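Scroll down for the structure; my scribbles are underneath it.
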Amino acid sequence: MGTQGDRIFEITAEQGFPDPWLSFGDSLCDEAALSTELTRAISTARKERTDETHAEVSRVFEAKKANLLRCAGILDQVLSDYDASGMWNVLNERATRLDVQDVLETWGRTQGLHPFPVVLRSLEFNWGYMKEHGVRAFYEMTRGYVSRLQDNTARWHEAWKGEAGTGIVDRITSIECDLASIEAPMHCDVCKKTITALLYLDE
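So the sequence shown is numbered by my numbering: it starts at 106 and just counts up by one.
The following block contains the structure:
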């Protein structure tokens, strides 16, 4: 075991994760980082109700929205580019030949620190979805997920504006929305690892 996985790792070590997938994964990591930054800014604004602290919350909300808009734009461009180039057919054929358990074994050497290895389970889900539904369908699903993250941010922003206007603290919405956002890298940063296995499979 480990034959496909080891080879994919060798190529990845030589060439790195390719764009646009690297940029997409990095941006979804930023989604979680911005969520944490936002949670802290809101906590500060609750303790110190000043124009400056409220302006900082607004700044982070706008940065979070802009980052998600960038993520959506990357996926929209990929969907269009791969339609034009016929790349989806290439990736679908490679997905049928990918030995998921073999590649998971390679990743498992470093990603099994927790009793529930989220990265491994996310990779397994991703490749299974691609095999069953096609690679384009997987990224259509991912595009829908980014839209839901955008909705999540909008809901959080509306809740904060209500809290700032009334002074009534809404902790539940902040908790819910933060948790949804910090989950994003466990799926979308993993996406660059998912697609790289297919891109480098025959090299």
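Glycine residues also receive a C-beta, built at the ideal position from the N, C-alpha and C atoms.
These numbers come from a predicted model, not from an experiment.
> Do you know how far the Cα of residue 297 is from the Cα of residue 258?
Replying inline: 23 Å
> When we look at the beta-carbon of residue 294 and count the other beta-carbons within 10 Å, is it buried (16 or more) or exposed?
Replying inline: buried
> Which one of 212, 222, 230 has the shortest CA to CA distance from residue 112?
Replying inline: Nearest in C-alpha terms to residue 112, of all of 212, 222, 230, is 212.
> How many Å lie between residue 217 and residue 223 at the Cα?
Replying inline: CA-CA distance, residue 217 to residue 223, rounds to 9 Å.
> Should residue 274 be labelled buried (16 or more other beta-carbon atoms within 10 Å of its own) or exposed?
Replying inline: exposed
> What residues in its chain sit with their C-beta under 7 Å from that of residue 108, if we drop five residues either side in the sequence?
Replying inline: Annotation for residue 108: 207 place their beta carbon closer than 7 Å to its own, counting only its chain and skipping 5 residues before and after.
> Quick one, are the C-beta atoms of residue 241 and residue 172 less than 9 Å apart?
Replying inline: no
>> Could you give the first and the last residue of the continuous alpha helix (DSSP H) run that contains residue 110?
In response: Judged by DSSP secondary structure, residue 110 falls within the alpha helix (DSSP H) whose first and last residues are 108-120.
> What's the gap between the Cα of residue 158 and the Cα of residue 146?
Replying inline: Going by the C-alpha atoms only, they are around 7 Å apart.
>> Quick check: the Cα distance between residue 199 and residue 142, rounded to an integer number of angstroms?
In response: 39 Å
> Taking all protein chains shown into account, do 16 or more other C-beta atoms lie within 10 angstroms of the C-beta of residue 290, making it buried, or fewer, making it exposed?
Replying inline: buried
>> As an exercise, report each continuous beta strand (DSSP E) stretch of at least 3 residues that is fully enclosed by the stretch 214-274, in chain order.
In response: none
> What residue ranges within the stretch 155-183 form continuous alpha helix (DSSP H) runs of no fewer than 4 residues, ordered along the chain?
Replying inline: none
>> For residue 266 and residue 132, I'd like the C-alpha separation in whole angstroms.
In response: 25 Å
>> Does residue 169 pass the burial test, meaning 16 or more other C-beta atoms within 10 Å, or should it be called exposed?
In response: buried
>> Check this for me: beta carbons of residue 282 and residue 248, under 9 Å apart or not?
In response: no
>> Let me confirm a value: residue 121 is counted as buried when at least 16 other C-beta atoms fall within 10 Å, else exposed. Which label applies?
In response: exposed
> How long is the line joining the alpha carbons of residue 239 and residue 226, rounded to whole angstroms?
Replying inline: 19 Å
>> Taking the alpha carbon of residue 271 as the reference point, which residue from 151, 127, 123 has its own alpha carbon closest?
In response: 151
>> If the criterion is Cβ atoms closer than 9 Å, does the pair residue 279 and residue 155 meet it?
In response: no
> Would the beta-carbon of residue 244 fall within 9 Å of that of residue 183?
Replying inline: For residue 244 and residue 183, yes; Cβs fall inside 9 Å.
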